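Remarks on the structure that follows.
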Amino acid sequence: MAAAFYPGKRLSFNGDLCTVRYVGQVQGTKGEWLGVEWDDPTRGKHDGSHAGVRYFECRRIHPTAGSFVRPTRPSDPPLSYVDALKTKYASEPVEDAGVSNIPIVVIGKAPEHVPVNSSGKVIMISGKEAEEVGFDKIRKKLANLKELRIVLVDTMCVARPLSPLLEQAAAEGNGPVPVDKLTDVKDVSPKVQELDLSRNLFEEWREIASICVQLDNLKQLRADGNRLRDVQLDVDLASAFTKVTTLGLEDTLLRWEEVATICSAFPSLTALTLTNNAFTRLGDAQLPASVTNLVLEKNGFRWLSDLRCLAKLPNLKSLRLKNNSIIDIAEPGCVADEPLVFSASVTDVDLAHNDIDQWRFIDGLNSVFPGLTSLRISSNPLFHGLQAADGKTLTTDDGYMLTIARLGSLKVMNFSTISEKERLNAETYYLSQIAAEVSNAPESQETSILASHRRYSELCAEYGEPTFVRQDANAVKPNSLAARLINFTFYAGESVWRELEAKGKEVKEFSVELPRGFAVYSMLGVVGKRLDLPPLKLRLFWETGDWVPVGEEGVADIEEWDSSDEEDVGAEKQSVVREVEWVAGTKMVGTWVEGMTARVRVELE
Numbered sequence: 001m002a003a004a005f006y007p008g009k010r011l012s013f014n015g016d017l018c019t020v021r022y023v024g025q026v027q028g029t030k031g032e033w034l035g036v037e038w039d040d041p042t043r044g045k046h047d048g049s050h051a052g053v054r055y056f057e058c059r060r061i062h063p064t065a066g067s068f069v070r071p072t073r074p075s076d077p078p079l080s081y082v083d084a085l086k087t088k089y090a091s092e093p094v095e096d097a098g099v100s101n102i103p104i105v106v107i108g109k110a111p112e113h114v115p116v117n118s119s120g121k122v123i124m125i126s127g128k129e130a131e132e133v134g135f136d137k138i139r140k141k142l143a144n145l146k147e148l149r150i151v152l153v154d155t156m157c158v159a160r161p162l163s164p165l166l167e168q169a170a171a172e173g174n175g176p177v178p179v180d181k182l183t184d185v186k187d188v189s190p191k192v193q194e195l196d197l198s199r200n201l202f203e204e205w206r207e208i209a210s211i212c213v214q215l216d217n218l219k220q221l222r223a224d225g226n227r228l229r230d231v232q233l234d235v236d237l238a239s240a241f242t243k244v245t246t247l248g249l250e251d252t253l254l255r256w257e258e259v260a261t262i263c264s265a266f267p268s269l270t271a272l273t274l275t276n277n278a279f280t281r282l283g284d285a286q287l288p289a290s291v292t293n294l295v296l297e298k299n300g301f302r303w304l305s306d307l308r309c310l311a312k313l314p315n316l317k318s319l320r321l322k323n324n325s326i327i328d329i330a331e332p333g334c335v336a337d338e339p340l341v342f343s344a345s346v347t348d349v350d351l352a353h354n355d356i357d358q359w360r361f362i363d364g365l366n367s368v369f370p371g372l373t374s375l376r377i378s379s380n381p382l383f384h385g386l387q388a389a390d391g392k393t394l395t396t397d398d399g400y401m402l403t404i405a406r407l408g409s410l411k412v413m414n415f416s417t418i419s420e421k422e423r424l425n426a427e428t429y430y431l432s433q434i435a436a437e438v439s440n441a442p443e444s445q446e447t448s449i450l451a452s453h454r455r456y457s458e459l460c461a462e463y464g465e466p467t468f469v470r471q472d473a474n475a476v477k478p479n480s481l482a483a484r485l486i487n488f489t490f491y492a493g494e495s496v497w498r499e500l501e502a503k504g505k506e507v508k509e510f511s512v513e514l515p516r517g518f519a520v521y522s523m524l525g526v527v528g529k530r531l532d533l534p535p536l537k538l539r540l541f542w543e544t545g546d547w548v549p550v551g552e553e554g555v556a557d558i559e560e561w562d563s564s565d566e567e568d569v570g571a572e573k574q575s576v577v578r579e580v581e582w583v584a585g586t587k588m589v590g591t592w593v594e595g596m597t598a599r600v601r602v603e604l605e
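Going by full-length UniProt numbering, the first residue of the sequence shown is number 1, and it counts up by one from there.
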């Protein structure tokens, strides 16, 4: 039984695809087992090891990519390309008991609006009579396989072992038949231009090539999700992909060298998709110079320098690197023979959903991609928790503005065209941020700060040099902790004085630093605890610092009066400090006090 199985064989169990990685005994069990790696790595139970013994390696690093299954377990039957094509496009309709097909009797010519199928039954959908004729016509059109331009036979267990095919062709003819002379595909679908063979049971690239070589008009090919053990091509199949311009190899887990080997047979290739292939660093193998659009999303790149070999592609225009782990241009401490510079033909780069968290990366994009005009950079840590030089929190949109300003050649940002007004606003805002950074730093750091902003001189030439207004060395930064605290000085009013003296307690004013967000209720609690008096029996009067004539609003009534106060008619009115009572509540004291200090009189009710 096990002789029919070998490492690299593709199988399907209940629709779940896998690749045989091991055939043999497993310690502690009887009989033979197949060690398989599932295409869906969450489907298995281990990573190829069992009870401390490793039996096979999985291509995808995942703790549950592998399983052991018995060779006797029934697997899904494979289909040939022709059988899959007929199953998908030329199969007979199946009667569904859940769909009502009501027979009708037509006398003479049926009315044009009544949809009737080939069985003479009214077509019903969800209990309602269909309004248009054409279901059978569509099926019949698709069933004409020789006219198909687009063929999708993905996930249909398609397999193509070439030896039996060649033996059958030789038996039907007059001797051996070269693989490029097979006609089984051309005989049924000669006009195919777009072909999807993804997620099937192919084991060798030449099996796929033996299909494509028969399709003279093929322009687009998708082979995503296949697991190939051999990517070499026979000389007879060298012309299989001559006209193909678009190739998809997503989730194939091929090595970079294998991808390059496959692509070397595509002289007209312009668009290549290599998403989710677990790449971490590309080797020196080169892709065809004709490639203009390259998708490398959902891989494991950490540095742009991991893609150095792509810098040699002379016609590359679009590079999509979304959902990687890119954090910087080059690995720290890694010295290259020459700087990383892509061809000026690269105008469109997608770096969304990576780990970029430094502005120096954004600044470096000008050098790495000298032709860059369109950039996607959203969903990177850099734009979360941004702060200005003075500590003020910046929004994500502020971050995008600064990105536009730092990249002078950018015309499209996150799919939005940058207008002249948006660039003007972005660049003047960026210049003001540079000025704020210099103003908030010691004068000795001015040169190094300006040097870190590569466009500073260019922007000054365009808009003029900003003015640096340096703060005093002892000044408090507006967003520092010190700026969020107020130094309150509390002193006893007459009623509190009498109460404390009656208790034999010493009466002194005291100071305490409290946050601006402190509520009046909370402040009453602090003062009450300090004076050992009931908080809700206290009243707080804040001295505003303004002097106003006695009797004006906001001035407490004068409790004592002497006739001598009226001696000089026309003399100046008496002035006192204006006070505001803070009524117990949840209002924050910072809404009244703007400065760093406050003086408060404490009274009893």
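Glycine included, each C-beta is placed from N, C-alpha and C at the ideal position. Since this is a predicted model, take the numbers as computed values, not measurements.
Exposed or buried, what is ILE150 when buried is set at 16 or more other beta-carbons lying within 10 Å of its beta-carbon?
Counting Cβ neighbours within 10 Å, ILE150 comes out exposed, since fewer than 16 surround it.
Under a Cβ-count criterion, where at least 16 other Cβ atoms within 10 Å of its own Cβ denotes burial, should ASP306 be classed as buried or exposed?
That one is buried.
With GLU581 and PHE518 assumed to form a contact (beta carbons below 8 Å), what rounded beta-carbon distance in angstroms separates them?
So it is not a contact: roughly 17 Å between Cβ atoms.
To the nearest angstrom, how far is the alpha carbon of LEU79 from that of VAL158?
For LEU79 and VAL158, the distance between alpha carbons rounds to 5 Å.
Within 10 angstroms of its Cβ, does PHE510 collect 16 or more other Cβ (buried), or is it exposed?
Using a 10 angstroms sphere on the CB of PHE510, the tally of other CB atoms stays under 16, which defines it as exposed.
DSSP three-state assignment for TRP542, whether helix, strand or coil:
When secondary structure is reduced to three states using DSSP, TRP542 falls in the strand class.
I'd like to confirm the pairing. Which residues does DSSP put opposite GLY24 in its beta bridges?
Residue pairing from DSSP places GLY24 in a beta bridge opposite TRP33.
So, helix, strand or coil for CYS309, using DSSP?
Here CYS309 carries a helix assignment [DSSP, helix/strand/coil].
In chain order, each beta strand (DSSP E) run of at least 3 residues that lies wholly inside the region 154-227
For the region 154-227, whole beta strand (DSSP E) runs of length 3 or above, ordered along the chain, are 194-196 and 220-222.
Classify PRO381 as helix, strand or coil using the three-state DSSP reduction.
Correct three-state label for PRO381: helix.
In terms of residue numbering, what span does the alpha helix (DSSP H) encompassing SER448 cover?
Unbroken alpha helix (DSSP H) run through SER448: 446-451.
Cα-Cα separation, ASN217 to LYS243
If you take the alpha carbons of ASN217 and LYS243, they lie about 7 Å apart.
Simplified DSSP assignment, three categories, for PRO535
DSSP places PRO535 in helix when its eight states are reduced to three.
Near GLN193, what residues of its chain come up, given a Cβ to Cβ distance below 6 Å and the 5 sequence neighbours on each side ignored?
Within the same chain, GLN193 has close Cβ partners ARG149, ASN217 and LYS219.
Span separating the alpha-carbon of ALA265 from that of GLU297:
So the alpha carbons of these two residues sit roughly 23 Å apart.
Own chain, CB closer than 8 Å to SER75, minus 5 neighbours either side, in chain order:
Cβ neighbours of SER75 beyond the five flanking positions: LEU11, SER12 and PHE13.
Buried or exposed, going by whether 16 or more other CB atoms sit within 10 Å of the CB of ILE434?
Around the Cβ of ILE434, a 10 Å sphere holds 16 or more other Cβ atoms; the residue is buried.
Closest by CA to ASP184, which one among VAL82, LEU340 and ALA209?
Looking from the CA of ASP184, the closest CA among VAL82, LEU340 and ALA209 belongs to VAL82.
Among ARG255, VAL291 and PHE279, nearest to LEU247 - alpha-carbon criterion
The shortest C-alpha separation from LEU247 is found at VAL291.
In the DSSP assignment, find the unbroken beta strand (DSSP E) run with GLY66 in it and report its ends.
Counting along the chain, the beta strand (DSSP E) containing GLY66 begins and ends at 66-69.
Residue range of the beta strand (DSSP E) that includes VAL512:
It spans 510-515 - the beta strand (DSSP E) in which VAL512 sits, taken as one unbroken run.
Less than 8 Å between the beta carbons of VAL548 and VAL512, yes or no?
Taking 8 Å as the Cβ cut-off, VAL548 and VAL512 do not qualify as a contacting pair.
Mapping DSSP to helix, strand and coil, what is ILE434?
Collapsing the DSSP output to three states places ILE434 in a helix.
Using only CA atoms, which one of HIS353, ASP355 and THR280 lies nearest to TRP256?
Selected option, being the one with the closest Cα: THR280.
Below 8 Å, how does it come out for the region 402-411 and the region 367-377: are there three or more Cβ pairs, yes or no?
Two segments are said to touch when three or more pairs of C-beta atoms, one from each, lie closer than 8 Å; by this definition the region 402-411 touches the region 367-377.
Which residues in the same chain as SER379 place their Cβ atom closer than 7 Å to its Cβ, once the five residues preceding and following it in sequence are excluded?
Excluding positions up to five away in sequence, the list reads ALA352 and HIS353.
For the beta strand (DSSP E) that ASP350 lies in, which residues bound it at each end?
Element bounds for ASP350: 348-350.
According to DSSP, which residues form a beta bridge with ARG320?
Answer by DSSP bridge pairing, in chain order: VAL295 and ASP350.
Name the one or two DSSP bridge partners that ASP47 has.
None; ASP47 has no bridge partner.
Is it buried or exposed for ASN487, if we count other Cβ within 10 angstroms and need 16 for buried?
Exposed.
In three-state DSSP terms, what is CYS523?
Checking the sequence, you will find Met at residue 523 rather than Cys. In this structure, MET523 counts as helix in the three-state DSSP scheme.
With a threshold of 6 Å on Cβ separation, who are the neighbours of ALA271 within its own chain once the five nearest residues in sequence on each side are excluded?
The answer, listed in chain order, is THR246 and ASN293.
Rounded C-alpha distance that separates GLU95 from THR155
Only weak support exists for where GLU95 lies, its pLDDT of 43 falling under 50; the value from the coordinates is given anyway. When rounded, the distance between both Cα atoms is 24 Å.
Between the C-alpha atoms of LEU524 and GLY585, what's the straight-line distance to the nearest angstrom?
The alpha-carbon atoms of LEU524 and GLY585 are separated by roughly 10 Å.
Three or more C-beta pairs closer than 8 Å, one from the region 408-417 and one from the region 437-451: is that the case here?
Pairwise C-beta distances place the region 408-417 out of contact with the region 437-451, as fewer than three of them are shorter than 8 Å.
What number of angstroms, rounded off, separates the C-alpha of THR428 from the C-alpha of TYR463?
Taken atom to atom, the span from the alpha-carbon of THR428 to that of TYR463 is near 7 Å.
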